[in-house]
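Participant:
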Amino acid sequence: MSDHHHKETFITKYVFSTDHKMISKQYLITGIFMGIIGVFMSMMFRLQIAWPDTSFSLIEAFLGRHQDGGVMSPDIYLALVTIHGTIMVFFVLTAGLSGTFSNLLIPLQIGARDMASGFLNMVSYWLFFLSSVIMVISLFVEAGPASAGWTIYPPLSALPQAIPGSGMGMTLWLISMAIFIASSLMGALNYIVTVLNLRTVGMKMTRLPLTIWAFFVTAIIGVVSFPVLLSAALLLIFDRSFGTSFFLSDIFIQGEVLHYQGGSPVLFEHLFWFLGHPEVYIVLLPALGITSEIISTNSRKPIFGYRAMIGSIIAIAFLSTVVWGHHMFVSGMNPFLGSVFTFTTLLIAIPSAVKAFNYITTLWKGNLQMNPAMLFSIGLVSTFISGGLTGLVLGDSALDINVHDTYFVVAHFHLVMGVSAIYGMFAGVYHWFPKMYGRMMNKTLGYWHFWITAIAAYGVFFPMHFVGLAGLPRRYYANTAFPLFDDVADVNIVITLFAILGGAAQLIFLTNFFISIYKGKKATQNPWKSNTLEWTTPVEHVHGNWPGEIPAVHRWPYDYSKPGHEEDYVSQITPLKEGEEES
Amino acid sequence: MTALFYILLAIVIGIAIWQIISIFNLKGAIATEKDNNTQGILFAAFGIFFYGLMIFSFWKYSVILLPESASSEGARIDNLYMVTMGVILFVQAITQFLLFFFAFKYRGIKGRKALFYADSHKLEMIWTIVPAVVLAGLVLYGLSVWNDVMDASDAENPLIIEVDAKQFQWEARYAGADNELGRANVRNIKGINTMGVDMTDKNSIDDIPTRELHLPKGRQVIFKFRSQDVLHSAYMPHFRAQMNCVPGMVTQFSFTPSMTTEEMRANEKTMAKVKGINIIRAEKGEDPYEFDYLLLCNKICGSSHYNMQMKIVVQEEADFNSWLSTQKTIAEVLKE
């Protein structure tokens, strides 16, 4: 690795950089930008849900021809929920979360100078950037962006005559996602190869921090499942543009019979959810990895059950690829298959329970350092449990019949993957900000950010379960056609108010983040007194990470408060004392 | 409630602005002992908020929930639901308590050393095996209900009804005297034959098209679902029934209605819910609402997805039969 000596220009350092640390920052900033769009969209459609006939100048200002006198049209409502889902799941919680922290931490925590292929890594980011740009452009097309739901089930997504968003908007959505998948695969392959091949001397797989285990396994799930979504997208493009019938059959719409015959939308559902469900864990596992690291460091205690944690990550990853059918219990799929998927789905609760109990036990008799990152990590454990438990209802085919596609589902997955993963992302940003920018974020703003967000998140999603149990379907533009749901209106107002509160709280984060980049307190080398390797690198970034030799590793990363040591932490590079046993 | 929120929101924004202005003076970045103390106490307070919110929601929002199941299969689902919910609330109450309590109890103190406790084979076994056993029970119970609900092969003299979905309307077709539906395909749709029934099939002649579903109490109904254009989902929440309608294939669901519309209107929970609804409607100056069963669309299907419904009427079998006999067959309808 001699390339860290050559001179860098502005372009190679800040734009087309091959340095994993810069690429990670690029992912984070792009992810935050997309996150702002995604959250803002949710604010707009929550206004519509709570006050369906009320005129809002906000909506008038932002939705242009898609609104009438400050009231949004049904089509743009569906477009907003579609793009909100797409952006949050893929652009923020997949690329923004994995892209940022896998890139930042894999080389730093395993003791490598950079990713296995810096070039591929750069291409991966710029493809992600390109796909983000195309997704944003799709918001401005004449007939509106894709609006068939983020799951884009055909025939709705295939036929422009079924919904206007299925014209140009859908085309751009598919192109954007195809590029996104290419980006994601390049990133994932890079992560896998780097973890397998570039670990420093002494860094056995059983000495890897749980963050790395989580990123590594996440990358494997991505490589296994993302290509299937790519093929689904390609086949859908064929159906839309070249007249094939993979997913379409026997359609009569707007007075004419279409030529499609023999295809099945159920096939698309299988292909979509073959990625779609593992995607939940692609989003969640990195957040859990980050949490493991932060809870251990800030509890000043080893993570409880290190090997069980690795085992449960692997078990979750394996099971996640064989449970997709639980999204399809009432799709018309053979009920026997439903039974199989119920069985595999409820199995996932076991490794998940192990993880939750291990987090709680890690806190027990700790000496908790309440940094903002720690608050978000504890928050994650709470929402992971709350959201995970309702999975027992949705994963059980018999119970799913009545709550499928209601707000109960919306509440469930927002808690377990949305809020949990975003907490993990925030925790990661607060914790590794000093490593990224050489400065610290302000803790007081961090506290305000956490507490308002935590109250708002439960204020939104706890009452939402009841809306679902009242039988209200999701993706309804208004409930005004059903007197049956008149009594849900009050709950919806409460939810929207909490949502606005939660959305506003993110402004605190944005302020803290951007001001701290320039004005934050200068960071010391190891501000959290952590054991892992990234804190042995200098605060000022150098290409190649360590100015001299890469240090060798002598112990696992969780020797916190180990008896026989003066300090309550022992860096991984400290050799074992004579007679000391490795944990 | 609303005003309170606006006040809260204003306070929060005010505090936020004040905090942001003072950020340049507050260079604090790492939690001190004082922070640990404050934040630990806040976690205890948050725990109270958390349980408070749960209790409040159950107390305040229980009235909006669906009343008891109007089908006998749905009653089994409801039992399973109650058992599952019991497990969920039990685990939720304990784990969340431990989480917030530990965050409070073990908040950091300078000089104290945490317990070096890295592993316990015994504990890991406990929280692998206990969930596994509980889940095994839930899976077995769940699957027995699922198989029972989904398997209509042993139905005795079931009533067969086709439900046909299109943007943004439901139609139904009763199988008629022979209790067998005639073939149908979108390619036969023409004029008033809106469901595309194949009139060359002799089973079609006596089929009865309707725009409203009438069901007999106590007789198993087998629904055959079709869609003409995009995916729809036939959702009948009061019967705990749902099945997607998929273009190009016929899907199926069945249940046995156990309460007539009249009986459900007289149900205590329904009356409480309807009363609540009518208070709200009176405030808005709208007509009072009378309870009816509904079939609604529960799969995103386009602009008017939110307004795609069909009324369901459950009657005593004799009343149902006399209603059905007044309906015209499709052959009669097409002849006109």
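These protein sequence lines map, in sequence, to chains X and W. In terms of our numbering, the first sequence opens at residue 1 and continues consecutively. In terms of our numbering, the second sequence opens at residue 1001 and continues consecutively. Glycine included, C-beta positions come from ideal geometry on N, C-alpha and C. All values derive from a computational prediction rather than experimental measurement.
On the DSSP letters alone, give me the boundaries of the alpha helix (DSSP H) that I590/X sits inside.
Facilitator: The question about residue 590/X has no answer here: the residues shown for chain X are numbered 1 through 583.
Participant: Which residue from P551/X, Y125/X and M177/X puts its Cα closest to that of P227/X?
Facilitator: Here residue 227/X refers to the residue found at position 227 when the first sequence is read from its first residue. Ranking P551/X, Y125/X and M177/X by Cα distance to P227/X puts M177/X first.
Participant: Could you run through the segment 1269 to 1285 of chain W and flag, in chain order, every residue whose CB is less than 8 Å away from some CB of chain X?
Facilitator: Of all residues in the segment 1269 to 1285 of chain W, K1273, G1276, I1277, I1280 and R1281 have a Cβ within less than 8 Å of some Cβ in chain X.
Participant: Does the distance from the C-beta atom of W432/X to that of L93/X stay below 8 Å?
Facilitator: Start at 1 with the first residue of the first sequence, and residue 432/X comes out as number 432. Start at 1 with the first residue of the first sequence, and residue 93/X comes out as number 93. For W432/X and L93/X, no; Cβs fall outside 8 Å.
Participant: Around the C-beta of G991/W, are 16 or more other C-beta atoms found within 10 angstroms, so that it is buried, or is it exposed?
Facilitator: An answer regarding residue 991/W cannot be provided, because it is not within the stretch 1001 to 1336 covered by chain W.
Participant: I'd like to know whether the C-beta atoms of K1113/W and S571/X end up nearer to each other than 8 Å.
Facilitator: What you label residue 1113/W is simply residue 113 of the second sequence in a count that begins at 1. What you label residue 571/X is simply residue 571 of the first sequence in a count that begins at 1. Not closer than 8 Å, so no.
Participant: Between which two residues does the alpha helix (DSSP H) harbouring S124/X extend?
Facilitator: Here residue 124/X refers to the residue found at position 124 of the first sequence. Where S124/X is concerned, the enclosing alpha helix (DSSP H) stretches over G118 to S138.
Participant: With 8 Å set as the bound, which would you pick, yes or no: does the beta-carbon of F238/X sit closer than that to a beta-carbon of chain W?
Facilitator: To locate residue 238/X, count along the first sequence from 1; it is residue 238. No, because no Cβ of chain W sits closer than 8 Å to the Cβ of F238/X.
Participant: Tell me, please, whether the segment 1230 to 1243 of chain W touches the segment 1173 to 1183 of chain W by the rule of three or more beta-carbon pairs shorter than 8 Å.
Facilitator: Flag = no, the segment 1230 to 1243 of chain W and the segment 1173 to 1183 of chain W do not touch.
Participant: Taking the alpha carbon of E578/X as the point to measure from, which residue in K529/X, E567/X and H554/X has its own alpha carbon closest?
Facilitator: Locating residue 578/X in the first sequence gives position 578, counting from the first residue. Comparing Cα-Cα distances from E578/X to each of K529/X, E567/X and H554/X, the minimum goes to H554/X.
Participant: Between I32/X and chain W, is any beta-carbon pair separated by less than 8 Å?
Facilitator: As a first step, residue 32/X must be located in the first sequence, where it is residue number 32. Not one chain W Cβ lies under 8 Å of I32/X.
Participant: Just tell me which of L394/X, L392/X, F357/X and A398/X has its CA closest to the CA of I378/X.
Facilitator: Counting from one through the first sequence, the residue named residue 378/X turns up at place 378. Here the closest residue by C-alpha is F357/X.
Participant: Using a 10 Å radius around the Cβ and a threshold of 16 neighbouring Cβ atoms, would you call Q506/X buried or exposed?
Facilitator: For the purposes of this step, residue 506/X is taken as the residue at position 506 of the first sequence. So Q506/X counts as buried.
Participant: Tell me the rounded alpha-carbon separation between Y191/X and M1271/W.
Facilitator: Translated into the one-based positions of the first sequence, residue 191/X becomes position 191. Translated into the one-based positions of the second sequence, residue 1271/W becomes position 271. The straight-line gap from Cα to Cα measures roughly 59 Å.
Participant: Between which residues of its own chain and M1085/W is the CB-CB distance below 6 Å, once the five residues before and five after are set aside?
Facilitator: Translated into positions along the second sequence, residue 1085/W becomes position 85. Result list for M1085/W: empty, nothing under 6 Å.
Participant: Using a Cβ cut-off of 7 Å, which residues of the segment 1064 to 1085 of chain W contact any Cβ in chain X, in chain order?
Facilitator: Per Cβ criterion, the list reads I1064, L1065, L1066, I1077, L1080, Y1081 and T1084.
Participant: When the Cα atoms are used, what is the spatial distance from G520/X to I36/X?
Facilitator: Position 520 of the first sequence, counting from 1, holds the residue named residue 520/X. Position 36 of the first sequence, counting from 1, holds the residue named residue 36/X. Distance between the alpha carbons of G520/X and I36/X is about 22 Å.
Participant: Can you pull out the residues from the segment 1100 to 1113 of chain W whose beta carbon lies closer than 7 Å to at least one beta carbon of chain C?
Facilitator: Among the protein chains of the structure shown, namely X and W, there is no chain C.
Participant: Bridge partners for F1253/W per DSSP, in chain order?
Facilitator: Indexing the second sequence from 1 puts residue 1253/W at position 253. Per DSSP, F1223/W.
Participant: Listing by chain order, which chain W residues have their CB less than 7 Å from the CB of W451/X?
Facilitator: Taking the first sequence and counting its residues from 1, one reaches residue 451/X at position 451. Within chain W, the residues near W451/X are L1042.
Participant: Flag this pair as yes or no: are the beta carbons of V144/X and G165/X separated by less than 8 Å?
Facilitator: The residue labelled residue 144/X in the question sits at position 144 within the first sequence. The residue labelled residue 165/X in the question sits at position 165 within the first sequence. Residue identity differs from the one stated: residue 144/X is Gly in this sequence, not Val. Yes, the Cβ-Cβ distance between G144/X and G165/X is below 8 Å.
Participant: Three or more beta-carbon pairs under 8 Å between the segment 272 to 286 of chain X and the segment 323 to 335 of chain X, yes or no?
Facilitator: They touch, by the three-pair rule.
Participant: Under three-state DSSP, which class holds E1171/W?
Facilitator: Against the second sequence, residue 1171/W aligns to sequence position 171. Strand at E1171/W.
Participant: Alpha carbon to alpha carbon, how far is A421/X from E1283/W? Give it in angstroms, no decimals.
Facilitator: Within the second sequence, residue 1283/W is the residue found at index 283, counting from 1. Within the first sequence, residue 421/X is the residue found at index 421, counting from 1. Each residue's alpha carbon lies about 41 Å from the other.
Participant: Whose C-beta lies closer than 7 Å to the C-beta of A162/X among residues of the same chain, with five residues either side of it excluded?
Facilitator: Reading the first sequence from its first residue, position 162 is the one you call residue 162/X. Here the set comprises P155, L156 and I253.
Participant: Taking a Cβ distance cut-off of 7 Å, strictly less, list which residues of the segment 1284 to 1301 of chain W are near chain X, in chain order.
Facilitator: Residues Y1289, L1294, L1296, N1298, K1299, I1300 and C1301.
Participant: Counting C-beta neighbours from all protein chains within 10 Å, is the total for P1257/W 16 or more, i.e. buried, or is it exposed?
Facilitator: Sequence index remark: in the second sequence, residue 1257/W carries index 257 (1-based). The residue is buried, with at least 16 neighbouring Cβ atoms inside 10 Å.
Participant: Counting only C-beta atoms, is M440/X closer than 8 Å to chain W at any point?
Facilitator: For the purposes of this step, residue 440/X is identified with residue 440 of the first sequence, where counting begins at 1. Interface residue, yes.
Participant: Using a Cβ-Cβ cutoff of less than 8 Å, which residues in the same chain neighbour S516/X once the five nearest sequence positions on both sides are dropped?
Facilitator: As a working mapping, residue 516/X is identified with position 516 in the first sequence. Cβ within range, chain order: F433, Y437, R439, M440, M441 and N442.
Participant: Kindly say whether E1162/W, judged by its beta-carbon, lies nearer than 8 Å to any beta-carbon of chain X.
Facilitator: Taking the second sequence and counting its residues from 1, the one referred to as residue 1162/W is at position 162. Not one chain X Cβ lies under 8 Å of E1162/W.
Participant: Using the rule of at least 16 other Cβ atoms within 10 Å of the residue's Cβ for burial, across every protein chain shown, is S17/X buried or exposed?
Facilitator: Looking up residue 17/X in the first sequence gives position 17. S17/X should be labelled buried.
Participant: By alpha-carbon positions, which one of P1247/W, Q1252/W and T1251/W ends up nearest to S264/X?
Facilitator: Within the first sequence, the letter at position 264 stands for residue 264/X. Nearest of P1247/W, Q1252/W and T1251/W to S264/X, Cα basis: P1247/W.
Participant: Quick one: residues in its chain with C-beta nearer than 8 Å to the C-beta of A1148/W, no 5 flanking neighbours on either side, listed in chain order?
Facilitator: Numbered from 1 along the second sequence, position 148 holds the residue referred to as residue 1148/W. With the sequence shown as reference, residue 1148/W is identified as Asp, and Ala is not the correct amino acid for it. Excluding residues within five positions, the ones whose Cβ falls inside 8 Å are E1073 and R1076.
Participant: For a cutoff of 8 Å on Cβ pairs, would you count M1054/W as touching chain X?
Facilitator: In the second sequence, the residue the question calls residue 1054/W occupies position 54. Output row for M1054/W: interface = yes.
Participant: Would you mind working out which of I134/X, W173/X and E60/X sits nearest A151/X, comparing C-alpha positions?
Facilitator: The residue you call residue 151/X lines up with position 151 of the first sequence. Note on residue identity: the sequence assigns Thr, not Ala, to residue 151/X. It is W173/X whose Cα lies nearest to the Cα of T151/X.
Participant: Quick check: the Cα distance between M1/X and R113/X, rounded to an integer number of angstroms?
Facilitator: Locating residue 1/X in the first sequence gives position 1, counting from the first residue. Locating residue 113/X in the first sequence gives position 113, counting from the first residue. With a pLDDT of only 42 at M1/X, under 50, the local geometry of the prediction cannot be trusted, and the value read off the model is given with reservation. Using only the alpha carbons, I get a separation of about 8 Å.
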